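Participant:
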Amino acid sequence: MAGVQYTLNRLVLMIPTFFLVMIIIFLLVRLLPGDPAIAIAGDKASDADIAAIRDKLGLNAPLWTQFWLFVTNTLQGDLGRSILMRAPVLDVVLARLPTTLFLTIYAVTLSMLIAGPLAFLAAVNRGKWQDNLIRAVFQVGLSMPVFYIGLLLLTFLAAHLGLFPVGGYGDTFLDRMYHLFLPAVTVALYTSAILMRNLRSAIIEVLDAEYVQFARAKGLPNRLILGRHVLKNALISTVTLLGLSIGQLMSGTLVTETVFAVPGVGRSMLEAIFARDYPLIQGLTLTFAVLVSAVFLMTDLFQSWLDPRMRLK
Amino acid sequence: MKAAALAVGLAMSTALTAFTYQTADALERGGTLNFARYDGSKLVDPIYADRNPDIWMVGSLFSTLLETDPDSGELVGSLAERYEVAADGKTITLTLRDGLKFSDGSALTGEDVIFSLDRARNPDLGPWSGLLSAISNVSADGNTVTITLENPDPALLSMLATFNTAIVSKKAFEAAPGETDQDKSAAIFAAGGPGVGSGPFFLSGFEQGASMSFSANPHYWKLGEDGKPLPYVDGVEFQVIPDDATRVLKLTAGEVDIAEFIPFSRVSELDADPAINMYLFPSTRIIYSPINTRETRADGSPNPLADKRVRQALNYATHKDALIQLILQGAGKPMSSPVMSSATRLAVDMSPLYGFDLEKAKALIEEAGLEPGTEITLTTLAGSADDATIFAALQQMWQPLGITLVAEQVDGATRGAKNRSGEFDIHTYGWVDDVNDPSQVTGWLGYYPTRKAVGTGWNNAEFNGLYEASSTEMDPEKRADQYRQMQEIYAEAAPLLFMYETPFAVAVSGKVDGYIQTPLGNNIFENVSLER
C-alpha cells in the first residue's frame, strides 16, 4: 500500500516538473541568437522573404501567445511541425526514438556487464594487482572524450580489422546488435568507468560492515553472503548513479550518433539546434525530459524495493 | 589511372572514359553505387529545394529543358532538343524531343512543361521564383513550347538549365494526395516510387537525415555508349555520414564507393591509396570575408573599415598562398576575380588580385591615419578548424599594420543574423553558384538592393547601374564588358577580404567510372558504371 502511494506521489510531482521544463526550454530556445526564419530561408533570401516566413511561423506574435499555443498544443499531443524536416515533430521523434532507446539500453546493459564483474573482482582483490590494473584502465577510459574513443574503435576494429561495420544501424534485432555494438561500447566505456568506481567502493564498504562480518561468523556460505547481503546493499547507491548516468548517456548520444552515423534523436537534436528549429528542439527536449523523468521514477521505485526505508520517508 | 583531376585532368579523364567505352567489348551495366554524403536531403523537389544537399540531387530525379555541357560549360539541349531566341529577346521557342517519357512510362508533353514552369515562377511557392520573374507566359503547341518575356533577360536560358525549372509530371503531381502544393510534393517524396520524375533516376526510398535510394529510370531519354538508355547502374544508395573521419573510414573499409567533402588534410593520403581516385573537381566555390563598410559600427562607434584604404591594406597584407597552404594543403587557388570564381562565366582574370605586399599595406594604413592598436573583430564559426586557422593566420599577418584582431566565435545561424543586422567588422563566409550565370553571385556580393551587398552595406551607384543594365542586356559582348567593369569597381572598393577558391574534394573507389560533380556542385550519376 505504501508502495502504491509512493508511486502516485512521485507521478503527481512530475506534472510541475514538466511544466517547468516547458517554460525553461521555451525561453532558452528564444534566447539563442539567430533567427529560425533565416535558417529556413537561407542566407540568400531577401529581408521581405524572412519577414513573410516569420509571420507564417507565428514568430511575430507576443511571447506569451506563442507559449500558450505551445502548451495547449502539447497537451493535445501536437508538438508542432519541424521546420528542418518539414514534418510533424511527433513523427520525427517517433521515427528516431527507437534507435536512440535501443542504443541507450544496449549501452546501459553493456556498462553493467562490464562494470559489475570488474567492480566485484577489484573489490574482492582490494589493493592487489588486479584491482590496480582495472582501476588504471578505467581511469584512461574516463579521461578520453567520447568521440575520440569512438574514432579509435572505428579505425581499428571496423576499418582495419573489418570486425564491425563502420556505420549504419541494421534492420533486424540481431543486425542492430551487430551494427550498434561499437557505438554502444563507446558510450558504455565512460559510464561503466563511473559505475565501476562507485560499485567497487560500495562493495568494499559493505564487505567491512558489521552485518557481513556477523554473517560470516554465523558460517553462512560465501556465495550467499556476497549475493544476498553484499551485492543487494552495494547496489543501492549504484542504482541511483546508474539512473543519473542514463541522462548523461542520452546526451552522449548527441556525439556518438554523429560519429557513427546513427540517425537517432541525439543527432536530430544537434541538427535542430543549428537550424534554430524551435518546434523540433522543444519537442526533443520534452521527449528527453519525459524519458529522464521516467528513468528517475524507475530508479526510485527500484531503490525503494532494495531499501524499504525509502518508502517511509 | 591515378590523378588528382583539376580542370585539364578532368576533361582528359572524361575523354579517356569515353574511349574505354568505345573499345571495350561490352560495357558493364548494373550494380548499385554506394555514396557517403556529408548531409542529407530534406526535399528533392525542384522548386522547394533550397539547401545544397537538396539542390545537388534534383538533377538526378528531374531533367531540365536545357543543360550545361560538363566539358565545354556551354548550354546544350536536354529535354528540348533545340531552342531559339527571338531577335528582340522577348520570346524563347523550344522544341521538345520526340517520345519523351516520365519514369512511370507516361508521356512528357508541353502541358507538363507549362505546369512545371508556372509552378517554378509562382512567388507563393518556392524561394527561387525571382530567377524567372521576366517570364510573362508559357504556352505549348504539340512539341513546341513558347516562353514569352516581359523584358529581355540574358540569364533566362541558364535558368532553363537550372534545377528549379526541372520538369515534373502534371498528372502524377495533381493525383498525389494533399491539399496544398507543398503537401502533394511531400506525399510524392514519402511514397518513393516512379511517377513524377523525368531524370535518369527516380526516388525509391527516403529516410530523412539517414538514407536515400535512387533507382534507374528505365524510360530516360538519354542513351549510353551501348545505345541503351542511361544510366548504367541499377541505382544509387546514399548514406548520410556527417562526420568527416567516419566518411573516409567507410570508403577505405569498402563499405561505400564514393565519399564527398573529403577534408583537405586527408587529400594527399587518399591520393596515395592505389584503390582510390582522389578527385578535386573544379568548383564555383569561393571563400571570402565580408567587411562592414558602414560609417559607424552597430554600437554607434566610428568604423575604421569604412575607409577604402584600410580595406585595401588588409587585402594586401593577407598572404593568400600561405592561407591556401595552411587550410587547403595547397589544394586551392587565390580568388582571381573579386566577385566570382574563375569557373564562372564572364569571370575576369585579375590575378594577382591584391597580391601580398606588406609595404603597400603599411603605406595605405598610414595614409588612412589608422591608430596603432586598433581593434578589429573577426567573427568565425565556432567549431570550424578552418576558421580557427584563418583567424590565427590573419592575426599574425595584420599585426605589422598595428591591427589587433579579436576573434568572436558563433554558430552559423548567429553569423547569418549578424550579417543581416550589420553587427560585425569582418566575418568568414563562402559561396557556391546555384545558377550557371554570373548574375546571381554578382547580385549577391555587390548589388546593394539584394541584401545590402552581402551585408557589407557597400552601396555604389555606378556598380548598381551596371548591374541593372546587364540584367536586360542581350548583346553578349556588351554584357561581358559590363561585367568586366563591375569586377574592376568591386576590386578597387574591396568590400571583401578576397581569399581563395576551393575545389570539391571527392574520393572515389577505383572500380567506379564516370562520376562527376559539376562546378555548381551537382552530383551527376547518369554516366557512372561499376567494374564488377
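Protein sequence lines, in the order shown, are assigned to chains A and B.
According to the working numbering, the first sequence is numbered sequentially starting from 1.
According to the working numbering, the second sequence is numbered sequentially starting from 1001.
For each residue, glycine too, the CB sits at the ideal point set by N, CA and C.
Quantities reported herein were computed from a predicted structural model and do not represent experimental measurements.
(1) Might you give, ordered along the chain, the residues of its own chain that have their beta carbon closer than 7 Å to the beta carbon of residue 1023(B), omitting 5 neighbours on each side?
(2) How would you list, in chain order, the residues of chain B whose beta-carbon sits under 8 Å from the beta-carbon of residue 84(A)?
(3) With a Cβ-Cβ cutoff of 8 Å, do residue 1226(B) and residue 1033(B) count as a contact?
(4) Using a beta-carbon distance cut-off of less than 9 Å, what residues from the stretch 38-63 of chain A approach chain B?
(5) Is it buried or exposed for residue 218(A), if we count other Cβ within 10 angstroms and need 16 for buried?
(6) In whole angstroms, give me the CA-to-CA distance for residue 171(A) and residue 1036(B).
(7) Output the boundary residues of the alpha helix (DSSP H) element that contains residue 269(A).
(8) Output, in sequence order along the chain, the residues in the stretch 254-271 of chain A whose CB is closer than 9 Å to any CB in chain B.
(9) What does DSSP give as the partner residues of residue 37(A) in its beta bridges?
(10) Which word fits residue 1144(B), buried or exposed, when buried means at least 16 other C-beta atoms lie within 10 angstroms of its C-beta?
(11) Counting only C-beta atoms, is residue 1409(B) closer than 8 Å to chain A at any point?
(12) Let me see if you follow: with CB-CB separation under 8 Å, is residue 1249(B) close to chain A or not?
(13) Sort 1209(B), 1210(B) and 1198(B) by Cα distance to residue 1218(B) and report the nearest one.
(14) At which residue ranges does the stretch 1141-1218 of chain B contain complete beta strand (DSSP E) runs of 3 or more residues, listed in the order of the chain?
(15) Output, in chain order, the set of chain A residues within a Cβ distance shorter than 7 Å of residue 1412(B).
(16) Going along the chain, which residues of its own chain have a beta-carbon closer than 8 Å to the beta-carbon of residue 12(A), five neighbours each way excluded?
(17) Per DSSP, residue 1033(B) is paired with what?
(18) Closest Cβ-Cβ distance between residue 9(A) and chain B: below 8 Å?
(19) Taking 6 Å as the limit between beta carbons, can you name the residues of its chain near residue 1155(B), skipping five residues before and five after?
(20) Among the candidates 188(A), 58(A) and 80(A), whose CA atom is the shortest distance from the CA of residue 281(A)?
(21) Just verifying my parser: in three-state terms, what is the DSSP assignment at residue 1444(B)?
(22) Apart from the five residues on each side of it in sequence, which residues of its chain come closer than 6 Å, Cβ to Cβ, to residue 107(A)?
(23) Taking just the CA atoms, how far does residue 16(A) sit from residue 295(A)?
(24) Between residue 260(A) and the rest of its own chain, which residues show a CB-CB distance below 7 Å, the 5 nearest in sequence each way excluded?
(25) Ignore the nearest five residues each way along the sequence and tell me which others in residue 90(A)'s own chain have a CB closer than 6 Å to its CB.
(26) Please list, in chain order, the residues of the stretch 140-168 of chain A that have any C-beta partner in chain B closer than 9 Å.
(27) List the residues of chain B whose Cβ lies closer than 9 Å to the Cβ of residue 35(A), in chain order.
(28) Mind checking if residue 1458(B) is an interface residue toward chain A, Cβ cutoff 8 Å exclusive?
(29) Please decide whether residue 1210(B) counts as near chain A, where near means a Cβ-Cβ distance under 8 Å.
(30) Where do the ends of the beta strand (DSSP E) carrying residue 178(A) lie?
(31) Helix, strand or coil for residue 1084(B)? Go by DSSP, reduced to three states.
(32) To the nearest angstrom, how far is the alpha carbon of residue 1135(B) from that of residue 1272(B)?
(33) If you follow the beta strand (DSSP E) that residue 1290(B) is part of, which residue opens it and which one closes it?
(34) With DSSP run on the structure shown, which of helix, strand or coil describes residue 313(A)?
(35) Under a Cβ-count criterion, where at least 16 other Cβ atoms within 10 Å of its own Cβ denotes burial, should residue 1418(B) be classed as buried or exposed?
(36) Do residue 1059(B) and residue 1522(B) count as a contact pair if the criterion is CB distance below 8 Å?
Facilitator: Working from what's here:
(1) Note on residue 1023(B): pLDDT 42, under 50, position unreliable in the model; the coordinate value appears next. Closer than 7 Å at Cβ, skipping near neighbours: no residue.
(2) 1042
(3) Between residue 1226(B) and residue 1033(B), the C-beta spacing is not below 8 Å.
(4) 38, 39, 40, 41, 42, 43, 44, 45, 46, 47, 49 and 50
(5) exposed
(6) 19 Å
(7) 265-274
(8) 258, 259, 260, 261, 262, 263, 267, 268, 270 and 271
(9) Paired residue(s): none; residue 37(A) is not in a bridge.
(10) exposed
(11) no
(12) yes
(13) 1198(B)
(14) 1144-1149, 1201-1207 and 1211-1216
(15) 274
(16) none
(17) 1236(B)
(18) Cβ-Cβ to chain B under 8 Å: no for residue 9(A).
(19) 1437 and 1439
(20) 80(A)
(21) helix
(22) 184, 187, 188 and 249
(23) Near 17 Å, if we compare the C-alpha coordinates of residue 16(A) and residue 295(A).
(24) Correct list, in chain order: 150, 167, 182 and 183.
(25) 79
(26) When C-beta distances to chain B are compared with 9 Å, the residues of the stretch 140-168 of chain A below that value are 147, 150, 151, 154, 155, 158, 159, 160, 162, 165, 166, 167 and 168, in chain order.
(27) 1413, 1416, 1417 and 1420
(28) no
(29) yes
(30) First-last for residue 178(A): 173-179, but that is the alpha helix (DSSP H), not the beta strand (DSSP E).
(31) strand
(32) 51 Å
(33) 1286-1290
(34) Low confidence applies to residue 313(A): its pLDDT is 49, below 50, so where it sits in the model is not reliable, and the reading given next is rough at best. The answer is coil: DSSP assigns residue 313(A) none of H, G, I, E or B.
(35) Counting Cβ neighbours within 10 Å, residue 1418(B) comes out buried, since at least 16 surround it.
(36) yes
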